[in-house]
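Please read the structure below before turning to the comments.
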Amino acid sequence: MKEQPVRTKVANRRSTVGRILLEAMLVAVIGGIFALAANRISPRGLALTRNYFPAETNSVVQVAVNLTSLRTASGQNPAPPMPGDMLAAQMKQQGLQLVDGPQSVQLFHDSHLKPGVIFVDARDDLQYRQGHIPGAYQFDPYRPEGYFPTVLPVCQAAERIVVYCNGGNCGDSETAALLLKDVGISNRKIFVYAGGITDWTNNHQQVEIGERNSGNLSIAIP
Amino acid sequence: MTNDHPIRTTAAVINLFTVLARWLLGAAFLYLGLTKALHPVDFLKLMHQYDLTQNALLLNFIAALLPWFEIFCGLFLLAGVAVRGTALTLAAMLVPFTLLVFHRAQLLHAAQNIPFCAVKFDCGCGTGEEFICRKLLENFLLTALSIWLLVGRGRQFCACYSLFGR
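Protein chains in written order, with my numbering: chain A, 1376 to 1597; chain B, 171 to 336.
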C-alpha cells in the first residue's frame, strides 16, 4: 500500500530533474543566440573569425614557469622572474628585437635628427590619449583596420620602428610587431620597447597628451 | 495548529532568503557580464592567457559570447524566468571556470615562489586583479547560491518560474 506513493514521489522527482535539465539546455540555446546577436550588434563586438594573436605564443605564465625551471636546473636561485624578464624571453622566442629604456630614449632623440625612426603605440584609444611618446603613431593591434591606412605607409618608409605598450606583462607591443611583420614590414627594422610607457615615464621622459602632434607635453601621465 | 506557526515562519524566511539570493546572483552576473562585454578585447587577452585552446575561432567565441551570456542569465534571474534552468547553467559554467582559475593560480604560485593566497592576478572574472583565495571564496559562494536556487523554493516575484510548468 505504501509503495505506490513512494514510487510516485520518485517518478515526480525524476520528471522534475528532467524538466530542469531541459530548461537549462533551452536557456543555454536561447542565451547563446542572444549572445551572438549582442556581439554582432555591439560596436565593440569581436570579429569571430579573426586571429587576434597572429603567432603561436606561450602565455606569460608558461614562460614564467619555463624560466623558473631553467634557473633551477642551472643551479641558480629560483627567484621569481620579473614580468619584464618574462616578456623579453617570450619576444626572443618570436625572433623580435628588443630595446631597453636608454636605447629607446636614444632612438627618440635620433628621430629628431633622422626622420627614419618612428614610434608606434600599441595601446587602445583611451590609453593613447592619456599620454604617449611624443609623435608616436597609434596602432591598436586588436582593431587594426582603422590604423593601417596611416601606419602602414609610414612603417614602410621608416628605417627603424619602435613598438611599445604599457610594459610589464603587456603583450600588445609583441602582437602589434607580429602583425606588422605579417603585413610585410621587415622584422629587422621592428624593435619592441618591452619597458613601454611605464618605463618611459619612470625615466622622466615627456609624454604627449591627446592627439598625435598635439604639442600638449607633460612629464607624467595625468 | 500551535506547532504549524514556526514551520510556516521558517518556510517564509527560507523563501525570502531564496528570492534575495536570486536577485543577488542575478545582479552579480549582470554586473560581471557588463564589465566584460564593455571591454571585450581585454577579456579576450585574459582568456588567451589561460591557454585554453590554440584555435582562434573557439577562443573568440568564448570571449565574445560568455559576457553576453552572463548578462542574459543575470536578467533571467532578476526577472525570475526559468530560474532553475538558469541556475543550473550558471553552476555548470562556474565549476569548470573556478577549476581553471585555481589551476592558473597554482602555476603562478609555482612560478613566483610566494604563498598560495598571496597570488594575485586578473582572472577575467570581471572584478579586476584579486587575491586568489578571495576569488575562490567568491566563486564558491556564487556556485552555492546557484545550487540553492535549484531546490525550488522562493517562487515569489517571478515572471515565469519554470518554462515547463510547476
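We put the beta carbon where it would ideally sit given N, CA and C, even for glycine.
Looking at B/262, B/318, B/241 and B/258, the one whose alpha-carbon comes closest to that of residue 206 of chain B is B/241.
Residue 256 of chain B places its beta carbon 8 Å or farther from that of residue 1404 of chain A. Residue 334 of chain B carries a coil assignment under DSSP once its states are collapsed to helix, strand and coil. Of B/311, B/310, B/181 and B/287, the smallest CA-CA separation from residue 300 of chain B is found for B/287. Taking a C-beta cut-off of 7 Å against chain B, none of the residues of the region 1479-1506 of chain A qualify. Comparing alpha-carbon positions, the option among A/1538, A/1576, A/1422 and A/1413 lying closest to residue 1505 of chain A turns out to be A/1576. Annotated three-state conformation of residue 1535 of chain A is strand, per DSSP. At a cut-off of 8 Å between C-beta atoms, residue 267 of chain B does not count as an interface residue with respect to chain A. Counting the other Cβ atoms within 10 Å of the Cβ of residue 1496 of chain A gives 16 or more, which makes it buried. For residue 1418 of chain A, the number of other beta carbons within 10 angstroms of its own is below 16, and it is reported as exposed.
Residue burial annotation: residue 1501 of chain A is exposed, with fewer than 16 other C-beta atoms found within 10 angstroms of its C-beta. Cβ contact annotation for residue 1570 of chain A (same chain, cutoff 7 Å, sequence separation greater than five): 1459, 1475, 1476 and 1542, in chain order. Distances from the alpha-carbon of residue 292 of chain B to those of B/208, B/274 and B/282 put B/274 closest. Within a 10 Å sphere around the beta-carbon of residue 1515 of chain A sit 16 or more other beta-carbons, which makes this residue buried.
Counted as a single uninterrupted DSSP element, the beta strand (DSSP E) harbouring residue 1473 of chain A occupies residues 1472-1474. At the C-beta level, residue 1560 of chain A and residue 1530 of chain A come within 8 Å of one another.
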